[in-house]
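A.B. asks:
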Amino acid sequence: MSDFEQMLVLATATSVLAPLVAALAARLAAGWIHPRVPAGIGLAVSLTAAVAVAQGWRVGPGREVLLGPGLVGGSLVHIDGLTAILLPLVAIIMLAIVLVAPRRALTPEAVVRLLLGSFLTAAIMTTSHPVALVVLWVLSLLPTWVSTRSTPGGRPTARAYAIAMISGSLVFAAGVGLMVIDPPWAAKAGTTGAVGGWLVTLAVMIRKGIAPFHSWYPAVFSASPMSTALAATMPQVASYAAIRLLVGHADGVRLELIVLSQAALLTAAYGAALAVVQPDVRGLVGMLALSQSAMVLAGLSGGLAMELCGALAIWISSGLALTGIGLVAWALESRAGRLELNTPQGRFADAPALAAFFLLFGLASLGFPGTLSFVADDLIVAGSLGDQSHAGALVILATVFSGIAVVRGWFRIFGGPAAADAPRHQVLRRERIPLIVLLSVLFGLGLWPGPLVQSLEGVAESLLLSRRSTAAPIPGVHP
Amino acid sequence: MMLALLTGHDLAAGLVVAQVATPLAALAAVSLPGIVGRPLSERLTTGLVGTGFGVAFLAAIVSLAVSGLRGFPVEVVHLGTLFSVGHHAATVELVADALSLPYVCFSTGLCSLVAAFAGRYLHREPGFHRFFTLLALFGFGMNLLVLAGSIDVLFAGWECVGISSTLLIGFFHERRTAVDAALRAFITYRICDVGLLAAGVVLHEAVGSGDFARVFAGSWPTASCLVPAATARVAALLLVFAALGKSGQIPFTGWLPRAMEGPTPSSAIFYGALSIHAGAYLLLRCSPLLDATPTAAWLLVAVGLATAVQAAIIGSVQTDLKGMLAYASMTQAGLILAEIGLGWRVIPLVHVISHAILRSLQILRSPSALHDRHELAAALGGPPGRSDGPLIRLLPAGLRTAIYRTALDRGFEDALIGRFILAPVLGLLRTAAAFERSIVARLGGSHDVADEWHRDRGAA
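Keeping their order, the protein sequence lines are chains A and B.
Sequential numbering of the first sequence, starting at 13, is according to the numbering used here.
Sequential numbering of the second sequence, starting at -13, is according to the numbering used here.
1. Since S210/B sits in a beta bridge, which residues does DSSP pair it with?
2. For F492/A, name the three-state secondary structure that DSSP assigns.
3. With 7 Å set as the bound, which would you pick, yes or no: does the beta-carbon of T169/A sit closer than that to a beta-carbon of chain B?
4. Can you list the residues of chain B that I448/A reaches, using a CB-CB cut of under 8 Å?
5. Is V187/B near V193/B, with beta carbons less than 7 Å apart?
6. Are any of the Cβ atoms in chain B nearer than 7 Å to that of I408/A?
7. Would you kindly report the start and end of the unbroken alpha helix (DSSP H) that includes L1/B?
8. Less than 7 Å separating the beta-carbons of T250/B and P353/B?
9. Out of G113/B, P9/B, A216/B, which has the shortest C-alpha to C-alpha gap to C97/B?
10. Look at the Cβ atom of I425/A, then the Cβ atom of R359/A, and state whether they are nearer than 7 Å.
11. Does chain B have any CB closer than 7 Å to the CB of H490/A?
12. Residues of the segment 65 to 94 of chain A in Cβ contact with chain B at a cutoff of 9 Å, in chain order, please.
13. Using a threshold of 7 Å, state whether the C-beta atoms of G187/A and L211/A are closer than that.
14. Taking its Cβ as the centre, do 16 or more other Cβ atoms sit within 10 Å of G80/A, making it buried, or is it exposed?
15. Looking at chain B, is there any beta carbon in it that lies within less than 7 Å of the beta carbon of I175/A?
16. Would H64/B count as contacting chain A if we go by Cβ distances under 7 Å?
17. Going by beta-carbon coordinates alone, are A134/A and V28/A separated by less than 7 Å?
18. Cβ of A171/B less than 7 Å from any chain A Cβ?
19. Taking its Cβ as the centre, do 16 or more other Cβ atoms sit within 10 Å of M13/A, making it buried, or is it exposed?
20. Any heavy atom of the ligand COA inside 6 Å of the beta-carbon of V232/A?
21. Take the Cβ of N129/B as the centre, count every other Cβ of all protein chains shown within 10 Å, and call the residue buried at 16 or more, exposed below.
22. Can you find at least 3 beta carbon pairs, one from the segment 308 to 319 of chain A and one from the segment 264 to 281 of chain A, that sit closer than 8 Å?
23. Quick one: grab the DSSP three-state call for E79/B.
24. What distance in whole Å lies between the Cβ atoms of A(-1)/B and G38/B, which are believed to be in contact at a cut-off of 8 Å?
25. Drop a sphere of 10 angstroms on the beta-carbon of T163/B, count the other beta-carbons inside from all chains shown, and report buried for 16 or more, exposed for fewer.
26. What is the residue span of the alpha helix (DSSP H) that I492/A lies within?
27. For E61/B, report the span of its beta strand (DSSP E) as first-last.
28. Helix, strand or coil: which one does DSSP assign to H74/B?
29. Would you check if the segment 175 to 182 of chain B and the segment 434 to 447 of chain A touch, i.e. whether three or more CB-CB distances between them fall below 8 Å?
30. Could you tell me which chain B residues have their CB closer than 9 Å to the CB of A394/A, listed as they occur along the chain?
31. For A324/B, count neighbouring C-beta atoms within 10 Å of its own C-beta (all shown protein chains included) and say buried if the count is 16 or more, exposed if not.
32. Considering V41/B, what are the terminal residues of the alpha helix (DSSP H) in which it resides?
33. Measure the alpha-carbon distance for V436/A versus P364/A and round it to whole angstroms.
34. Is it buried or exposed, W422/A, if we count other Cβ atoms within 10 angstroms and call 16 or more buried?
35. Which two residues bound the contiguous beta strand (DSSP E) that contains P81/A?
36. Per DSSP, what kind of secondary structure is P485/A in: helix, strand or coil?
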């Protein structure tokens, strides 16, 4: 291993382990210092190391690093372009959550759960080993379940979540096991591997909330703390697993990917449409997240580099923008209570700065020019229309409904007559700075998207290359 | 020496870039301090935005003069490629020609005047900074739209115009009617923007780029279409769809009169002058596609004329001045689109500019209408009279009443769309949303929500 690769591994390890160390510190120092301090420091270190990984990958030779035991093409430590893109995304989302979260929501237990979730999510993003993926997949579900269950009134949702996730995990473990025994992309693949491929597809659908397994998804947003919902959904663990186990081996699982892409497309349009009629802001954020997450999977299952690039760009842009919207909504809820959307709530007069942030994050999520989502939408619409015209139509439908839902949400929260005695809510510095940083990333990458798109294209090309290596064409079906 | 400098490519390109860059700089200058919690003073805000537009206007005038001296050659300014994946590239190009230069002169000129007017009109208004931020965004978007050398850049400008329009309609956010009108306008925009987005993708697929130089050959207004006939047909129909929404034409007329809920300066510049004609500009820019697609051209003529007649009738029964002016704008926009559909090119451009100037003046004067009327009455020695036109008097009384009722109900367009499109779609979505909640409740062991869903379904 070269010096450069050693540095890359060191930075990756730092990024993954920093939240774990911070969780230990937060646990041990509980009562002495506010848990936000060790959590913030740990996640800042994680973000710095993740940015170093991304920059190192961009300027380096572009050779993937594989370490530790391997199994059917997967490796315990797998650092490539995808890792370099996703590690900073996970770290910045988690850091923003910790910094903006209301003080009373950050109990030591909640912070430890959040940091453990961050550690497990980052760890998943650095492995392609099937067994490691299964173990981390299961472990990463626990913080969300515990947090939802311990929220007042959250038990029914925690039960629904547990039913969905236990089923999904069992299916995932069984599917991965069968794929290990009989890899469906191998030259002599049999029925066992094919069944494994279908089971993994089903597990991905459940964990991603793809219809008809989507009902738990918005429910988590409604019943859990916003930090839990965002941390559980924004990094999109199941998309990562789908890339490592399905998308990267599309030659053996073509039919599975077709089913996955069609279901994801329908979910994207359906989720966006339902976002338009949500009665409260949590439902709105949940449905938007469901739609965007499905759109990522739809693009990843496509057959053109443009679609894959668009999907990866949406992964980043929706992750950042929806985190921003969720955090602004949470900040407002912590000051003004539950935010209904059925009638205008008139919150502009007492929270103009939060209104501005909500609007800017909303614009950054609906494909506004100058934001990363503009680039992402352009790529995915052009790619999906070029690939299958009905896919393009559904993607356009989803973007139209998402835009309407965001603007309706903004007008319903901030429009309308204000209460005469409403206090004026200031935005705290610890809230303002992370929100400005998130916005800067979204607008910066939108105004200067070249380097990011180049990196995404590299990932897309490598995925397509791995597919083409053994794929046999099926008439009428994209490879 | 000086003439050589004036005719130099670099200077011409610099002037074109300045027309987009200065409103953008003004936008950044007034919005960023607000985001970090330190908004500028009113005087500084007005000064920055006014200067941004003023410099853009001067640059536009000089560009027009220089270009006119040289016989309006097509000047393409390539600013770079935003991103590219495979053969798909989003290039940033501006174009200065016989269409964009006159248009940008009058648009930046109007923006400058409205900025100066609004500085006094909105003095001490709580949303003063918000108005100027949105005005700067609009001015930047409009100039980007007009000077766009590719459909991607045009789409970016189009979106900026759309969102600034929406937010200014809802400027008086404490009024329920303003909020509802803004949302209605945005929904219309969003639906119709699909046309422009899809047309862009279709053109990209056909020629591998959205640059107008690769889609059209020659210079406006005699340019010809380089894309295959089938592609041109699809793209033209999609562009017509986009233009109908932005210009408030049938069946998208409902948002325009409601858009007058915004402050008077924004109503003047958006719905009397620039935003309402963005659709006409789009079609003029892409006129070779219409030339290659008679179906789209005749559709445009039919819809434009129908809207003009409908808006003229409805406008005649309006009881508020801004509503009447909105329908008058709609009438002229319909006529302009019909002219474009008939294959005319210079006449619609002249019509747009003259109508925009007149209408924005009327809307800016509208808050003083009572004062003007009193002055007129004093001068005449009594209230100015009003009589029905001769055509109306020829109609039978029953038909006149029927037309009057139809006009009062805005041609029943809103009612029909509400009953046959909005209500079923929203009903379906609400039922689905309640069903989703009931599933989670069943899984979680709580039957209250499930029972609620059954009640909701029964009610639906």
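Glycine residues also receive a C-beta, built at the ideal position from the N, C-alpha and C atoms.
C.D. replies: Considering the structure as presented:
1. Position 224 of the second sequence, counted from the start, is the residue given in the question as residue 210/B. According to DSSP, which records beta bridges pairwise, S210/B is partnered with A203/B.
2. Limits of chain A in this structure are 13 at one end and 491 at the other, which puts residue 492/A out of reach.
3. Here residue 169/A refers to the residue found at position 157 when the first sequence is read from its first residue. It does; some Cβ of chain B falls within 7 Å.
4. Residue numbering aside, residue 448/A sits at position 436 when the first sequence is read from its first letter. Result: I21, V22.
5. Taking the second sequence and counting its residues from 1, the one referred to as residue 187/B is at position 201. Taking the second sequence and counting its residues from 1, the one referred to as residue 193/B is at position 207. Cβ distance not < 7 Å, so V187/B and V193/B don't count as in contact.
6. Translated into positions along the first sequence, residue 408/A becomes position 396. It does; some Cβ of chain B falls within 7 Å.
7. Within the second sequence, the letter at position 15 stands for residue 1/B. Unbroken alpha helix (DSSP H) run through L1/B: -5 to 21.
8. By 1-based counting over the second sequence, the position of residue 250/B is 264. By 1-based counting over the second sequence, the position of residue 353/B is 367. Yes, Cβ-Cβ distance for T250/B and P353/B is below 7 Å.
9. Within the second sequence, numbered from 1, the residue matching residue 97/B stands at position 111. When each option's Cα is compared against that of C97/B, the closest is P9/B.
10. The residue given as residue 425/A occupies position 413 in the first sequence. The residue given as residue 359/A occupies position 347 in the first sequence. A contact, by the Cβ cut-off of 7 Å.
11. To locate residue 490/A, count along the first sequence from 1; it is residue 478. Note that H490/A scores a pLDDT of 36, beneath 50, so its modelled location is shaky; the value from the coordinates is reported in the next line. Not an interface residue.
12. none
13. Start at 1 with the first residue of the first sequence, and residue 187/A comes out as number 175. Start at 1 with the first residue of the first sequence, and residue 211/A comes out as number 199. The answer is yes: Cβ separation under 7 Å.
14. The residue given as residue 80/A occupies position 68 in the first sequence. G80/A comes out exposed.
15. Here residue 175/A corresponds to residue number 163 of the first sequence, with the count starting at 1. Cβ-Cβ to chain B under 7 Å: yes for I175/A.
16. Residue mapping note: residue 64/B aligns to position 78 of the second sequence, counting from 1. It does not; no Cβ of chain A falls within 7 Å.
17. Counting from one through the first sequence, the residue named residue 134/A turns up at place 122. Counting from one through the first sequence, the residue named residue 28/A turns up at place 16. Result yes, Cβ atoms of A134/A and V28/A sit closer than 7 Å.
18. As a first step, residue 171/B is located in the second sequence; it is residue number 185 there, counting from the start. No, no contact with chain A.
19. What you label residue 13/A is simply residue 1 of the first sequence in a count that begins at 1. With fewer than 16 other Cβ atoms within 10 Å, it is exposed.
20. As for the ligand COA, it is missing from this structure, which has no ligand bound.
21. In the second sequence, the residue the question calls residue 129/B occupies position 143. By the neighbour-count rule (16 or more Cβ atoms within 10 Å), N129/B is buried.
22. yes
23. Position 93 of the second sequence, counted from the first residue, corresponds to residue 79/B. Correct three-state label for E79/B: strand.
24. The residue given as residue 38/B occupies position 52 in the second sequence. The residue given as residue -1/B occupies position 13 in the second sequence. So it is not a contact: roughly 19 Å between Cβ atoms.
25. As a working mapping, residue 163/B is identified with position 177 in the second sequence. Classification of T163/B: exposed, given that the 10 Å Cβ count is below 16.
26. Residue 492/A lies beyond the range of chain A shown here (13 to 491); nothing can be said about it.
27. Locating residue 61/B in the second sequence gives position 75, counting from the first residue. Unbroken beta strand (DSSP E) run through E61/B: 61 to 71.
28. Counting from 1 along the second sequence, the entry for residue 74/B is found at position 88. Three-state result, H74/B: strand.
29. no
30. Taking the first residue of the first sequence as position 1, residue 394/A is located at position 382. The contacting residues are V71, H74, G186, V187, H190, E191.
31. Translated into the one-based positions of the second sequence, residue 324/B becomes position 338. Buried, since its Cβ has 16 or more Cβ neighbours within 10 Å.
32. Here the question's residue 41/B lines up with position 55 in the second sequence. Its alpha helix (DSSP H) spans residues 28 to 55.
33. Numbered from 1 along the first sequence, position 424 holds the residue referred to as residue 436/A. Numbered from 1 along the first sequence, position 352 holds the residue referred to as residue 364/A. Checking the displayed sequence, the identity of residue 436/A turns out to be Arg instead of Val. Cα-Cα distance, rounded: 9 Å.
34. On the first sequence, position 410 is the one that residue 422/A refers to. The residue is buried, with at least 16 neighbouring Cβ atoms inside 10 Å.
35. On the first sequence, position 69 is the one that residue 81/A refers to. Segment 77 to 83, the beta strand (DSSP E) holding P81/A.
36. What you label residue 485/A is simply residue 473 of the first sequence in a count that begins at 1. Note that P485/A has pLDDT 37, beneath the 50 cutoff, so the model's placement of it is unreliable and the number below is only indicative. Note: P485/A maps to coil in three-state DSSP.
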